[in-house]
Structures are given as C-alpha cells and as structure tokens.
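Working notes, structure below.
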Amino acid sequence: MRSRSFLSRIVAACCLLAMESASFASPVAPVNVVIKVAVVDIDLSLKPVPKHPFEILPLAEAGGDKVAITTSFTGEGQVQLGPGHYRIRSMAPVQLGLRRMEWDFAFEVISGRAVTIELSNDNALIGTPSVPVPVRPKSTATEVFQALRDSVVTVESEGGHGSGFLVDERGLLITNEHVTSGSRFFTVSFDDEHRLPATVIASDAREDVAILVINPKAMPPLGVIRLAADSAEQPPVREGDEIFAIGSPLHQQKIITAGIVSKVETGAIISDVMIDHGNSGGPLLNAEKEAIGINTFGEGRGISGTVRIWKAFPVLEEARKKLSGFTLPSSDFRPPIPRTRYPADALKQIVLAEDFDLENYHIVTRRFDVFLLTPPALCYFDHQDDIKAAQGRQQRRKKVSAADTYDPVADIKGWAQYVGQYSAIVKIVIIPRIKPTFGSAFAAGLVGSSAVMRYRYQGDVDTLRLIRDGKEVQPIRIGRAPVGQRFAGPAGHMEDVAYLGFAEFLPEAFEPARAEGDHLGLEILNEAKPDAITSEEIGGDLLQRIWRDFAPLRAPASR
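When you line the sequence shown up against this note's numbering, it's residues 478 to 1036, in that order.
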C-alpha cells in the first residue's frame, strides 16, 4: 500500500512540474509582414498606390480576427501576423485611366521568416469600368416604330415595290391595289433575310385596296397591327393630331416619318407626312399604335394622301371569307437580298476599259435576245451612250496634253450603296426579237425593195427558269413587263406590244462548273406558244466572264 501511494505522489508531482514549466514558456513571436503596392501605367512608368485600403483575413489554422490596413503615400504598409495562411484583398478598386484594379491575394506567414507581399498589375484583378449610357427619353415616334416595325413589310411586285402591313395572324396583309396591279409574282420582305412569296386574295381597284396573303407557318407568330375604329361619319383622327407612317420608300427598308393631320375627308386623310415611291400601301398610324389609313400618294410640297382605313374593311372581310378554301403560297423563303454593293472604283475601271463590250454578255436565240448583266455590264448598259461619247472625245484629244476632266460615269459614288445601286447580283433580261411578218417578207420577195415591210415581235415572255445540275435555281426577284414599238417610215412600220422577262440571281449560281457534268441552262417559256420552250446553255467564255466580274468582291478588303 505504501509503495503504491508513493508512486502516485511521484507521478502527480511530475505532472504539476510539467504544467508549471509550460506556463512559463515564451509565446510564438509574430512576423513582420511588409506590403508594397505599385502598378505600371500606360506610359510604362511605375506608380505606387497610396492610401489604398486592404483587409487581411486569416484562414482557419491562423485563427484571430481580420486586420484592416491602408498603404502610405509611398504605397507601402506593415502589419504583425502570426504564422498561418491569409488572404489580403482590396476594400475598394483603384481607378487607373480606363482600367479598374483590385487585389485578392493568398499568402503564408512562416515563423522566423520575413514576409514581403508585392501587389502589381501581374496579380491584380483588372476590369473596365462600365460607362453609364445616358438614358434618352423615348418619343412617341420611337415607341410606335419599335412596337410595329416588324408588322410592316416591303411588297415587291414585278413592276417595283411598295409597302404593306399585317392585319391578321393567318397571314393577311393590306396594301394598295396599285402596288399589285399588273403583276403575277409578289414577294413580302420582313427584312433582307426573310422574304416570302405572296398572293393577292382580294382587291378593290376603285378604292385602291388589295389584300395579300402569305403562309403564316413560315414565321409564327405573326404580329399584327390593330385597325382603328373608323366610319365615314366618325373618323379616328382630327385636324392637328400627331400621326406616323412606316414604309420602305425608294431603296430604304422600313423607315418612319411623322407629321400632323391637315384635313380629314370622307375617304382620305390629308397630312404633311412624307410619302415617297415605295411608301404606298404602308400604314398611317396614330399615337395609340392603330392603323388609321393606307398611305397612298404624295403631291409634294408637304401634302400627302392616305386612304381611310374603313375603306379596307369590306375587302378585308372578303379575304377572310375566301381564306378557308384558299391555296396558300409556299412557306419557303426566297433567297436573301445581298447587302454587298459593287465597289465603285472597280466598277469604273471595268466599264471604262477600251475592250469592254456588252455583246460579250448577249445570247441570241430565234425569238429572244438574252442579256446576262453583272454589275459592270448593267452599269455599262445604263451609261453606254456617255461612255461611247467619251471615247470619241478621247480620239479627238489625242494630241492634247491637258488632263480631261469629263467623267462619263460621274454619278457612280461610294455612297451609292445607300440607294441600292449595283448590288451583287446577276440580272437576266430577255427581250422579244423583232422581224418582218411572213406576208410582208413574201411581198418583198415578189416586188423587191419597193414593198413596205411590217414588223412584229417574235414572242412574249411568260416566265423563265435557271437550271443548275438539273435543279431550278430560285431567283431573288422575277417578273415581266410590257414593251411596245410603234413606228412608221418608208422602210416599214410596226405597231406591237410584247412582254420582256427579267430575273435576279445570286452570283453563286454562276460559278464555273464545279464537277463533271455540272451544267447551267436557261429555259424561256413563250406565252404566245406555251409548248415552245427556248433552252440555252450558259457556259464557256460567258460563264467565266460573269464569274470574273465578281472577283473584286471575292478579294480581301484593302486596309
């Protein structure tokens, strides 16, 4: 018992001695941490970052509270920290020109080792400050345009183009009858990329109202414009009201103009809203975003006329009744309108070359003259009289040393791209040929040169097709137009009218043969003889020439 008690006392004494020794041991010495902050400016000079606030956060094993520190005017600071892992991070960003810098940097403190933390561009978080965009107050015109522009379309016919607007989710849209009159082919363009075939479903020539239909499956859902409540006795506007027109005048795509009502007639609204060619058929709108009329004519001097919307109600109702049994147009999009315009400098260089000859783009058939016009050929076609006159002038001036300032294509400017001049397309034009009638030719054979010859056209273009490798190439535009000749003289006379045909295609359709057996052909349907199809192959030098004309568009842009 005694020995066991003695042993216990010995163990207790040792433990007490150990505890007392531990209580007098020296604590771990803190380490001096030096922080230096400097950045390299845009001029490559080193600049300290003064008075920048940081916070130092201890990680789990370091323990303790976070410490705040601010750099001095020399961009330096010091702090005492125990061993462990820490993070130092900016409490606010530093603005340096257009750059914004801040730091979030991890480091370790080891006992007995001096620590220096250098913060610079290399370990900074760099961002660009957001520049506040000034908020501009929206005008009524802005709100109307943004809300309704997708419901206004460009209506392309064989004879030109106008505007229209959607009024029914089933694909019905309103335009002027004179926009559609005389045409068989129509395209409705929402923009350059989305172009759909359309068909006239109802029209009233007297009121100048037409209803077109497109296949709504192509672009669901269709946004429509609400029609204002209107009647002959109760107009939707009065003199002095603010109004707006959206349309596609000239070569522009959907622009808005504003004005005020000048006079309200029973069937029309007179205003000072600008109505140019191409605006016809577009909507006249009130501030409530309702269609109050169909823009129809402009008389100049700030006077424009709009058919009141109530005039369209009966025609629209007729179209809705027909719709259930009507065969809708295709939902396939037509090829996009190319945005690229032919470079003005390259155009001038080609058309003014001495060896340029429009006959190189000409195919002669029995009944038709066919022209395949690239932008240079079309430009020469437009300016050939001036170009030939300039060449004659040069012949007279061979011995003149002074510079010649006469420019036969002076109207080809860089800004022509904004008015749609010379797009990157190939335009095929087919013109019926003229020849003596059989009777007059027979008479001339009998009586000789004294016979009076009678001439007439040899055909009427119904339509045309471009065939590549057995498949029809879809045109950007296609149509026909009447052309007439009336003359009389000692050598003969002619009174006749026929249809010429035209179509526009993307230049890719005329790339030279890409494989063996790859053929490009043209088919012309003659309205006068429906069973007679004129077929011509396009190849050889002509195809190479067409493709070569587009070389300036394939070359990389010069810097």
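Where is the CB? At the ideal position from N, CA and C, for every residue including glycine.
- prompt: Do you know offhand how far E585's Cα is from D518's?
  reply: Computed Cα separation, rounded: 29 Å.
message: I need the DSSP call for F833, collapsed to helix, strand or coil.
response: Correct three-state label for F833: coil.
- request: Give the straight-line distance between the Cα atoms of R963 and R910, rounded to the nearest whole angstrom.
  value: Cα to Cα, R963 sits roughly 14 Å from R910.
query: Who are the Cβ neighbours of M578 in its own chain at under 6 Å, not counting the five residues just before and after it?
result: Around M578, the same chain offers V571, A601, I603 as residues with beta carbons nearer than 6 Å, after the five sequence neighbours per side are excluded.
message: Residues in the same chain with beta-carbon distance under 6 Å from D681, minus the five sequence neighbours each way, listed in chain order, please.
response: If we look at D681 and ignore the five residues flanking it on each side, its Cβ neighbours are V792.
message: Please list the terminal residues of the continuous alpha helix (DSSP H) segment that includes E795.
response: DSSP places E795 in the uninterrupted alpha helix (DSSP H) bounded by 790-800.
- prompt: Between W1024 and P989, what straight-line distance do the alpha-carbon atoms span, to the nearest angstrom?
  reply: So the two alpha carbons sit approximately 7 Å from each other.
task: Assuming A901 contacts P984 (C-beta within less than 8 Å), just tell me the rounded distance between them.
output: Right, their Cβ atoms sit about 6 Å apart.
- prompt: What's the call for H860, buried or exposed, on a 16-neighbour Cβ count within 10 Å?
  reply: Here H860 is buried: its Cβ has 16 or more other Cβ atoms, across all protein chains shown, within 10 Å.
- request: Under 8 Å by Cβ, that's how I've got L1002 and T940 pegged, so tell me the actual separation to the nearest angstrom.
  value: Rounded, the Cβ-Cβ distance is 5 Å, consistent with contact.
task: Spatial neighbours of T631 within its chain, please: CB distance less than 7 Å, with the 5 preceding and 5 following residues excluded, ordered by chain position.
output: Around T631: H638, S640, S666, S725, Q730.
message: Measuring CB atoms only, is the segment 749-763 touching the segment 800-810, in the sense that at least three cross pairs come out at less than 8 Å?
response: The segment 749-763 is not in contact with the segment 800-810.
field: Spatial distance of A515 from H562 (CA atoms)
entry: Rounded to the nearest whole angstrom, the CA to CA distance from A515 to H562 is 23 Å.
CA nearest to the CA of W787, picked from K825, A709, A823, S748: When the alpha-carbon of W787 is set against those of K825, A709, A823, S748, the nearest one is in A709.
Simplified DSSP state of A821, which is helix, strand or coil: In the structure shown, A821 falls within a helical segment according to DSSP collapsed to helix, strand and coil.
query: Roughly how many whole angstroms lie between the Cα atoms of G717 and E633?
result: Approximately 33 Å, taken between the alpha carbons.
message: Tell me the DSSP secondary structure of L596 in three-state form.
response: Strand at L596.
- prompt: What do you reckon, are the CB atoms on N756 and G775 nearer than 9 Å?
  reply: Judged by their CB atoms, N756 and G775 are nearer to each other than the 9 Å cut-off.
- prompt: Any chance the segment 617-626 sits against the segment 540-558, with 3 or more Cβ pairs inside 8 Å?
  reply: Touching, no, given that fewer than three Cβ pairs across the two stretches are closer than 8 Å.
query: Should E595 be labelled buried (16 or more other beta-carbon atoms within 10 Å of its own) or exposed?
result: Residue burial is scored here from C-beta neighbours: E595 has fewer than 16 other C-beta atoms within 10 angstroms and is therefore classed as exposed.
query: For V508, is the beta carbon positioned less than 8 Å from some heavy atom of the ligand ADP?
result: In the structure on display, the ligand ADP does not appear, and there are no ligands present to speak of.
query: Going by alpha carbons, who is nearest to E1004 out of V738, N692, D707, A975?
result: Of V738, N692, D707, A975, the residue nearest in Cα terms is A975.
field: Spatial distance of G891 from V738 (CA atoms)
entry: Bear in mind that the predicted position of G891 carries a pLDDT of just 47, short of 50, making it unreliable; the figure below should be weighed with that in mind. About 38 Å.
query: Where does G648 land, buried or exposed, given buried means 16+ other C-beta within 10 angstroms?
result: With 16 or more Cβ atoms within 10 Å of its Cβ, G648 is classed as buried.
Beta-carbon proximity list for Y858, same chain, < 7 Å, skipping 5 on both sides: In the sequence under discussion, the amino acid at residue 858 is Phe, which differs from the Tyr named in the question. Once the five neighbours on either side are set aside, the close Cβ partners of F858 are L835, L850.
- prompt: Which whole-angstrom value is the C-beta distance of R672 and F790, which I expect to be below 8 Å?
  reply: Actually they do not touch by this definition, with Cβ atoms about 29 Å apart.
query: Are F908 and F987 touching if we call contact CB-CB under 9 Å?
result: A small fix is needed here, since residue 908 is Ile in this sequence, not Phe. Not closer than 9 Å, so no.
- prompt: Alpha carbon to alpha carbon, how far is L824 from L573?
  reply: One C-alpha to the other measures close to 49 Å.
Simplified DSSP state of P560, which is helix, strand or coil: The answer is coil: DSSP assigns P560 none of H, G, I, E or B.
query: Going by alpha carbons, who is nearest to G961 out of R933, L943, D832, I953?
result: Distances from the alpha-carbon of G961 to those of R933, L943, D832, I953 put R933 closest.
message: Please report the distance separating the alpha-carbon of P674 from that of I905.
response: So the two alpha carbons sit approximately 20 Å from each other.
query: Exposed or buried, what is T547 when buried is set at 16 or more other beta-carbons lying within 10 Å of its beta-carbon?
result: When all chains shown are included, T547 counts as exposed.
task: Report the residue from T817, I587, L761 whose alpha carbon sits nearest the alpha carbon of D669.
output: Checking every option, the nearest Cα to that of D669 belongs to T817.
query: Excluding the five sequence neighbours on either side, which residues of its own chain have a C-beta within less than 8 Å of the C-beta of R1031, listed in chain order?
result: There are no such residues.
- request: Counting only the same chain and skipping the five closest in sequence on each side, list residues whose C-beta sits under 6 Å from that of T536.
  value: Note on identity: in this sequence residue 536 is Leu, with Thr being the wrong assignment. So the qualifying residues of the chain are H562.
message: Alpha carbons only, please: which of G779, I732, T773 is nearest the one belonging to R423?
response: This structure does not reach residue 423, given that the chain is present from 478 up to 1036, and the question cannot be answered.
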